[in-house]
Amino acid sequence: MSENPLVAGTSEPDERVLEAALRPKNLHDFVGQQRVREQLSLVLEAARIRERTSDHVLLSGPPGLGKTTLAMIVAAEMNAPLRISSGPAIQHAGDLAAILSSLAEGEVLFLDEIHRMSRPAEEMLYMAMEDFRVDIVVGKGAGATAIPLELPPFTLVGATTRAGLLPGPLRDRFGFTGHLEFYSISELELVLRRSAMLMDLKVNSAGFTEIASRSRGTPRIANRLLRRVRDWALVHRNEHIDATLASRALDMYEVDARGLDRLDRSVLHALCTKFGGGPVGLSTLAIAVGEETETVETVAEPFLVREGLLGRTPRGRIAMPDAWIHLGLTPPEDMPLGPGTAPTPSSSFDDEQ
Ligand SMILES: Nc1ncnc2c1ncn2[C@@H]1O[C@H](COP(=O)(O)OP(=O)(O)OP(=O)(O)O)[C@@H](O)[C@H]1O
Ligand SMILES: [Mg+2]
């Protein structure tokens, strides 16, 4: 797939520039995630009172929910400089040593996609996190020597979409782990209100609700849909965005009332009309909609499962009763939910990827 779908949780480089402008800069402006926000606020406040660097923080959760935003907020709240790198950028222990040895006292080091760091770098990080020390290996083979290097105290903020892939020893070295959950519609309305204000847009409450309900619980998607609605309003010379305008604009972009896009709907449609609701194998389903198996599995399926529209069973994919209703179809009398077809629960994001 070449283009990122409108309802993808992930972002393209171009979009990150637009996102930076909408990022809340402090905990107070960060909407939702009440528990994580309160806990993190306590960790940071305690560190400030003790006049020490904060414990290392791990943030996990699906794309677009605010991990990078929170990492930046940690640095801002601690009034500390921020260094940004990522797991894929650290392929050798030496890459990490170079970063660590140049940190200033109290600096916040943000490592995005920390689960993609190489194993030797990871092992170096263990010692750095625990003892603020690394061993730099000089030379090769029998003549190699390890020179210990003291590091100034720093705070590591790690982010991952796949907490399940982090090795236990690494996870255990974080003093605080925050798991970000999908946002409720009312929380997304608050995100949108704030963004609309920054973008100088006039949107009424019903307009916010309409956009929020199509945003798949994800602030990044909410902000993206808001920009598309803004474009529509601009072209149609309509200054006031209400529910009718928002739904017209988003219908045009093929994002429906529940946030499903064309691919999601065609998967459900094929499942219901061509396979009588399943069970049907994933690859057969993918062929029926003319997509790669991987696209169906990673792009469409997680959201459809989360919404209770599609089920995974040992015998294949099935349409849940809600799928028929959502497509305006009548579910068959004998819904295929018999023995051996009960969908496997799939609550965590890791299971779905
Ligand atoms: N709680 C929030 N309040 C307001 N805006 C938010 C919130 N969370 C995220 N956003 C907005 O959503 C966008 C994406 O957030 P962010 O980049 O932090 O996500 P992420 O979890 O790091 O995603 P990825 O896994 O792709 O790196 C940003 O523009 C940010 O402004
Ligand atoms: Mg991020």
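Sequential numbering from 1 applies to the sequence shown in UniProt numbering. The beta carbon of each residue, even a glycine, is placed where N, CA and C say it ideally should be. Because the structure is a prediction, the values reported are computed rather than measured.
Residue i Cβ short of 8 Å to ligand 2 heavy atom set
{"i": "P63", "result": "yes"}
{"i": "A159", "result": "yes"}
{"i": "K67", "result": "yes"}
{"i": "D131", "result": "no"}
{"i": "A14", "result": "The sequence shown places Asp at residue 14, rather than the Ala named in the question. It does not: the Cβ of D14 is nowhere closer than 8 Å to a heavy atom of ligand 2."}
{"i": "D112", "result": "yes"}
Short Cβ contact (9 Å threshold) for residue i with residue j
{"i": "L109", "j": "V134", "result": "no"}
{"i": "V137", "j": "A146", "result": "yes"}
{"i": "T155", "j": "A80", "result": "yes"}
{"i": "A46", "j": "L96", "result": "no"}
{"i": "H115", "j": "L166", "result": "yes"}
{"i": "F174", "j": "L58", "result": "yes"}
{"i": "W324", "j": "G278", "result": "no"}
{"i": "A300", "j": "L263", "result": "yes"}
{"i": "G32", "j": "L188", "result": "yes"}
{"i": "T177", "j": "P63", "result": "no"}
{"i": "A257", "j": "W232", "result": "no"}
{"i": "E180", "j": "S60", "result": "Correcting the residue identity first, residue 180 is Leu in this sequence and not Glu. Cβ atoms of L180 and S60: closer than 9 Å."}
{"i": "M78", "j": "K25", "result": "no"}
{"i": "L226", "j": "A206", "result": "no"}
{"i": "E210", "j": "S247", "result": "yes"}
{"i": "L285", "j": "L271", "result": "yes"}
{"i": "E113", "j": "A159", "result": "yes"}
N- and C-terminal bounds of the beta strand (DSSP E) containing residue i
{"i": "P148", "result": "T145 to E150"}
{"i": "T10", "result": "It is not in any beta strand (DSSP E) - T10 carries neither H nor E in the DSSP assignment."}
{"i": "H236", "result": "No beta strand (DSSP E) contains H236, which DSSP labels as neither H nor E."}
{"i": "T218", "result": "Looking at the DSSP string, T218 is not in any beta strand (DSSP E), and its letter there is neither H nor E."}
{"i": "G158", "result": "T155 to T160"}
heavy atom of ligand 1 below 8 Å from residue i C-beta
{"i": "F182", "result": "no"}
{"i": "G178", "result": "no"}
{"i": "Q33", "result": "yes"}
{"i": "L245", "result": "no"}
{"i": "G9", "result": "yes"}
{"i": "S195", "result": "yes"}
{"i": "A24", "result": "Reading off the sequence, residue 24 comes out as Pro, not Ala. The answer is yes for P24."}
{"i": "V191", "result": "yes"}
{"i": "P219", "result": "yes"}
{"i": "residue 354", "result": "Residue 354 is absent from the model: the chain starts at 1 and stops at 353."}
{"i": "L70", "result": "yes"}
{"i": "E19", "result": "yes"}
{"i": "D251", "result": "no"}
{"i": "F30", "result": "yes"}
{"i": "N4", "result": "no"}
{"i": "M204", "result": "Reading off the sequence, residue 204 comes out as Asn, not Met. It does not: the Cβ of N204 is nowhere closer than 8 Å to a heavy atom of ligand 1."}
Test: residue i CB closer than 9 Å to a CB of chain D
{"i": "V229", "result": "Given the protein chain composition of this structure (a single chain), no chain D is represented."}
Bounding residues of the alpha helix (DSSP H) (the contiguous stretch that carries residue i)
{"i": "L268", "result": "R262 to T273"}
{"i": "R50", "result": "Q34 to R50"}
{"i": "V74", "result": "K67 to E77"}
{"i": "L285", "result": "L282 to A288"}
{"i": "A98", "result": "A93 to S101"}
{"i": "A121", "result": "R119 to D131"}
{"i": "R258", "result": "Looking at the DSSP string, R258 is not in any alpha helix (DSSP H), and its letter there is neither H nor E."}
{"i": "D172", "result": "G168 to D172"}
DSSP beta-bridge partners of residue i
{"i": "H179", "result": "S60"}
{"i": "S85", "result": "L111"}
{"i": "V137", "result": "A146"}
{"i": "K202", "result": "H240"}
{"i": "I325", "result": "Per DSSP, none; premise fails for I325."}
{"i": "L310", "result": "A319"}
Environment of residue i [buried if 16+ CB atoms lie within 10 Å]
{"i": "L18", "result": "exposed"}
{"i": "S347", "result": "Because S347 sits at a pLDDT of 44, beneath the cut-off of 50, its placement in the model cannot be relied upon, and the following sentence gives the value as read from the coordinates. So S347 counts as exposed."}
{"i": "G340", "result": "Unreliable placement is indicated for G340, whose pLDDT of 46 sits below 50; the coordinate value is still reported in the next sentence. G340 is exposed by the Cβ-count criterion."}
{"i": "L234", "result": "exposed"}
{"i": "D14", "result": "exposed"}
{"i": "M124", "result": "buried"}
{"i": "S213", "result": "buried"}
{"i": "L198", "result": "exposed"}
{"i": "E297", "result": "buried"}
{"i": "K67", "result": "buried"}
{"i": "S102", "result": "exposed"}
{"i": "H56", "result": "buried"}
{"i": "D334", "result": "exposed"}
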